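What follows is the structure, encoded as structure tokens:
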């Protein structure tokens, strides 16, 4: 079963105080190695959190391009993993091990599959 | 008429079996809908057959065989469905059952613990957890669950459908957490049972103070958990707490349904059997290192139950136990209860000092018992004007009618002696 782990991190525009000790690159590399070695990682990347561009196409076909994420939010997606594990508990375990969970949040989503009739 | 009676008695047998059957089928097929559908069909078949053929020697085995047959029929009829279940089956085969079979009950393993952990999974909302637990483990119908929470049946049905959909599509597993995960997951299950009980013990809204049906269901659920996890001390502690608290039920309301406070209760009405059972459970729950919050609360309840009068209650011991509880589970609510006990030990003035410190606490904002407790202490100190103001503040916040009546009566006694 495929789960998407969305790693939310404090938005660069947020005025909230940042934790003194954020996750290090080494933390994330160790997690990436663990998730790869376990054979559950299908994909995963860190995202540049300062270069978001948002596109919306209006009813009349007009394309509206704006700088930044869709809404002013406290948190922004800073990275993701697509993993294949047996059930939600296993997915939650990986999410909890992700360094992003200690300094922000990790949202666990399932990949939508059409409902069988 | 006779047939109806037979059907009713058969139905009573099912209250307990329904949960076990459902748990077995859910564990086997990994699908709550199929488990539910075939459980109902098997029970329907029993309602038709048993009044004619007599109740079989092993009713649960009969029901299980019948349900399994129905499930296999359903799978044969519906290929797409079968394929989806086959995928689920591979997964559930991986998880070996950890629960020992309950001795002496046919020879069928009890899979209800798995179902408890699924229904009380933290990925479900608190509301959904209680609804699913009452629906699938206590065996209540959806309209009964709706009535218990005073919401329309359609709302409750929707809530249950949504929760089941999440279990299926996010694939919340049917499994008992391993020994390393259990300490993190068990409190969630106990909390659901406790919430069902507290809703039954002092309804948050409505015309009745007590909803005994819910208190009974909670005790029943706690008993099941205790049978399944006899060595988990907090499970023992929870069951003890519920029994020792519920023992006072008959004395808590008067004939008109009005609230009778602990200090005014006729202690002869307390249920001695429940108290004795609770006392027996408190001892093992408290014994050993790392005592848990339910065990401590049960010990407090036991001290109340053992007192022959409100005044002769062992308040110093109760304050000491609240101190322990505050250490394990620091919360303003516990501090509030401690302050009330402290007032009994050291006098109203001492209690009032602590209550005033608590007044700013976020968790107690909107909680009627804080101003109510202040009001009582102010009244005992003869500070009538302040007491009246505090009673009015409590009246603005209280949810159920009998508690409202008690507060209004106190207020009248002060302002209109």
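Protein chains in written order, with this note's numbering: chain A, 1 to 117; chain B, 118 to 534. Ideal placement from N, C-alpha and C gives every residue a C-beta, glycine not left out. Source: prediction; values computed, not measured.
Sort B/188, B/199, B/193 and B/149 by Cα distance to residue 231 of chain B and report the nearest one. B/149
As assigned by DSSP and simplified to three states, the class of residue 41 of chain A: Residue 41 of chain A falls in the strand class under three-state DSSP.
Counting only runs that start and end within the region 480 to 513 of chain B, where is the alpha helix (DSSP H) found for 4 or more residues in a row? 486 to 497
N-terminal and C-terminal residue of the beta strand (DSSP E) that residue 83 of chain A is part of: 75 to 84
Going by beta carbon distance, what residues of the same chain come within less than 6 Å of residue 435 of chain B, once the five residues before and after it are set aside? Counting only Cβ-Cβ distances below 6 Å, and skipping sequence neighbours, we find 417, 420 and 458.
How should residue 215 of chain B be labelled, buried or exposed, when 16 other C-beta atoms within 10 angstroms of its C-beta is the threshold for buried? Below a pLDDT of 50, predicted positions are generally treated as unreliable, and residue 215 of chain B, at 40, falls in that range; no measurement from the model is reported.
Output yes or no for whether 8 Å exceeds the beta carbon distance between residue 442 of chain B and residue 396 of chain B. Taking the C-beta atoms as reference points, residue 396 of chain B is found no nearer than 8 Å to residue 442 of chain B.
Between the region 336 to 343 of chain B and the region 356 to 370 of chain B, can you find at least three pairs of beta-carbon atoms closer than 8 Å? yes
Let's test the definition: count the other Cβ atoms within 10 Å of the Cβ of residue 99 of chain A and tell me whether it reaches 16, buried, or not, exposed. Under this definition residue 99 of chain A is a buried residue.
Closer than 6 Å by C-beta to residue 306 of chain B: which residues in its own chain qualify, once you throw out the five before and the five after it? Chain order, please. 233 and 237
Looking at chain B, which residues of the region 26 to 52 of chain A have a Cβ within less than 9 Å of any of its Cβ atoms? Taking 9 Å as the Cβ-Cβ cut-off against chain B, none of the residues of the region 26 to 52 of chain A qualify.
By the 10 Å Cβ neighbour count, where 16 or more other Cβ atoms means buried, how is residue 119 of chain A classified, buried or exposed? Nothing can be reported for residue 119 of chain A, as the shown portion of chain A is limited to 1 through 117.
The alpha helix (DSSP H) spanning residue 185 of chain B covers which residue range? 176 to 194
With H, G and I counted as helix, E and B as strand and the rest as coil, what does DSSP make of residue 133 of chain B? helix
Between the region 178 to 192 of chain B and the region 299 to 314 of chain B, do three or more beta carbon pairs fall short of 8 Å? The count of Cβ pairs closer than 8 Å, one atom from the region 178 to 192 of chain B and one from the region 299 to 314 of chain B, stays below three, leaving the stretches out of contact.
With residue 417 of chain B as the anchor, note down where its beta strand (DSSP E) starts and where it stops. Element bounds for residue 417 of chain B: not the beta strand (DSSP E) but the alpha helix (DSSP H), 410 to 423.
Could you list the residues in the region 79 to 113 of chain A with a C-beta less than 7 Å from some C-beta on chain B, going in chain order? Cβ contacts with chain B: 86, 87, 88, 89 and 110.
Same chain, Cβ closer than 6 Å to residue 54 of chain A, neighbours up to 5 away in sequence not counted: 66 and 70
Compare the C-beta of residue 245 of chain B against all C-beta atoms of chain A and say whether one is closer than 8 Å. no
Any residues in the region 280 to 293 of chain B with a beta carbon nearer than 8 Å to a beta carbon of chain A? Which ones, in chain order? 286, 287, 288, 289, 290 and 292
Distance check for residue 460 of chain B and residue 506 of chain B, CA to CA, integer angstroms please. 20 Å
If I'm right that residue 523 of chain B touches residue 376 of chain B with Cβ under 8 Å, what's the distance once you round it to whole angstroms? 5 Å
Using the DSSP secondary-structure output, state which residues sit across from residue 24 of chain A in a beta bridge. Partner(s): none; residue 24 of chain A has no beta bridge.
Beta carbon of residue 249 of chain B, beta carbon of residue 289 of chain B: below 8 Å? no
Closer than 8 Å, CB to CB, is residue 211 of chain B near chain A or not? Here the model assigns residue 211 of chain B a pLDDT of 41, short of 50, so the residue's position is not dependable, and the following value carries that caveat. Residue 211 of chain B belongs to the set of residues whose beta carbon lies under 8 Å from a beta carbon in chain A.
Check whether the region 331 to 338 of chain B and the region 249 to 259 of chain B touch, using three or more Cβ-Cβ pairs below 8 Å as the test. yes
Bridge-paired residues (DSSP) for residue 376 of chain B: Looking at the DSSP assignment, residue 376 of chain B forms a beta bridge with B/370.
If you measure between the beta carbons of residue 140 of chain B and residue 261 of chain B, is that distance less than 8 Å? no
May I ask you to report which of helix, strand or coil DSSP gives residue 49 of chain A? coil
Look up residue 312 of chain B in the DSSP assignment and say whether it is helix, strand or coil. helix
Does the beta-carbon of residue 187 of chain B have 16 or more other beta-carbons within 10 angstroms, so that it is buried, or is it exposed? Classification for residue 187 of chain B: buried.
Buried versus exposed, by CB contacts within 10 Å (16 or more), residue 134 of chain B: buried
Contact the region 436 to 456 of chain B vs the region 387 to 404 of chain B: 3+ CB pairs below 8 Å: no
Using a threshold of 8 Å, state whether the C-beta atoms of residue 80 of chain A and residue 44 of chain A are closer than that. yes
Give the secondary structure of residue 526 of chain B by DSSP, where H, G and I count as helix, E and B as strand, and everything else as coil. helix
Does the Cβ of residue 60 of chain A have 16 or more other Cβ atoms within 10 Å, making it buried, or fewer, making it exposed? exposed
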